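A short worksheet on the structure shown next.
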Amino acid sequence: MSYKIFYDKATLNFLIKIQEIIAKCVKLTPLSLKNIENICGLDVAYSDGKACAASVIWNNCKKEILEVSTYITQPSFPYIPGFLFMREAPLMIESLNKLKNTQDLLLVDGHGLAHPRKAGLAVFIGVLMDKPTLGVAKSLLIGKIGEYNGNFAPIVINGLKVGYVVKPNRSKPYYVSPGHKVAVGDILKILKYIGIEYPIVLKEAHKISKKCVRKIEID
DNA sequence: GCGACAG
DNA sequence: ATCTTGTCGC
């Protein structure tokens, strides 16, 4: 069975409409560092026709993993640049709903505002879960990079700053933009607070989703 | 028209 | 993302 049908013009226009509506729901409200204790990382891995979303909660005070949850199913949508939310958001949300502990900040593997319609995967997760969320991507989808100031450079779209590219001293750069309830101007202070290295909680979510999808069968 | 294009 | 061994470097 081919995924070709998903490229249908009417379907994509419909999804674009949904993205435009979700984009209007985003609140770029300031996020106080005092409210950041439990940080949750979200990622999805694929293997042999299965997909697994993993949620990992990291207690930023105790510096330890508090809880982990996973959700396995069959991928129901292909990867189409600009429409990643259709492929991964449903799985991430199922995984999030399994958690018992609360989350103060969600880190999603993908872009937030740094998206053609300001409606990346992280925006969907943030708005639908109504929680402070940041999109953390490993490569750029759209936008231009401004001048570096230390380890950070702004991501600019249509003359508007939508996030930052972060260049850790030893590792590769990654891209951070708001998903929901975080102001663009708060990103730097948040990163300096939780660390500018690629987030441990996302590395963990990546490992766990990968390990899970390779060993467990779908019920 | 041609290339670029999160995971 | 995934298919995949060894290998360069701290």
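The numbering used here puts the first residue of the first sequence at 68, with every later residue one more than the last. We treat Cβ as the ideally placed atom computed from N, Cα and C, and that holds for glycine. All values derive from a computational prediction rather than experimental measurement.
- Judged by their CB atoms, V280 and A112 are nearer to each other than the 7 Å cut-off.
- Distance from the CA of T140 to the CA of V194, rounded to the nearest whole angstrom, comes to 23 Å.
- Annotation for A250: L95, T96, P97, L98 place their beta carbon closer than 8 Å to its own, counting only its chain and skipping 5 residues before and after.
- Its Cα nearest to that of L163, the residue V135 stands out among A181, P142, V135.
- In the DSSP annotation of this structure, the continuous segment of the alpha helix (DSSP H) that includes T78 starts and ends at 76-92.
- Counted as a single uninterrupted DSSP element, the beta strand (DSSP E) harbouring Y231 occupies residues 227-233.
- 7 Å or more divides the Cβ of G177 from the Cβ of V190.
- Under DSSP, D110 takes part in a beta bridge, and its partners are A121.
- About 12 Å separates the beta carbon of V229 from that of G246, a gap too long to meet the 8 Å contact definition.
- Secondary structure note for V175: its beta strand (DSSP E) is the uninterrupted segment 172-176.
- Secondary structure remark: continuous beta strand (DSSP E) runs of at least 3 residues inside the segment 217-283, in chain order: 219-224, 227-233, 241-247.
- Taking the Cα of G149 as reference, the smallest distance to any Cα among K248, T200, K185 is reached at K185.
- Between the segment 261-276 and the segment 106-123, the count of Cβ pairs shorter than 8 Å is three or higher; the stretches touch.
- Residues I212, G213, E214, Y231, V232 of the same chain have their beta carbon placed closer than 7 Å to that of A220, with the five preceding and five following residues left out of the count.
- With respect to the C-alpha of P235, the residue from P157, L208, L269, E264 having the closest C-alpha is E264.
- Assignment of beta strand (DSSP E) within the segment 137-193, counting only whole runs of 3 or more residues, yields 172-176 in chain order.
- By the Cβ neighbour-count rule, E155 is buried, with 16 or more other Cβ atoms within 10 Å of its own.
- Taking K84 as the centre and dropping the five residues before and after it, the same chain places no C-beta closer than 6 Å to its C-beta.
- Going by beta carbons, W125 and V243 fall outside the 7 Å limit.
- Taking a 10 Å sphere around the C-beta of L188, we find 16 or more other C-beta atoms and assign the residue as buried.
- Apart from the 5 residues on each side of it in sequence, L207 sits with its Cβ closer than 8 Å to the Cβ of A181, I222, V232, Y242 in its chain, given in chain order.
- Around the CB of L82, 16 or more other CB atoms lie within 10 Å, so the residue is classed as buried.
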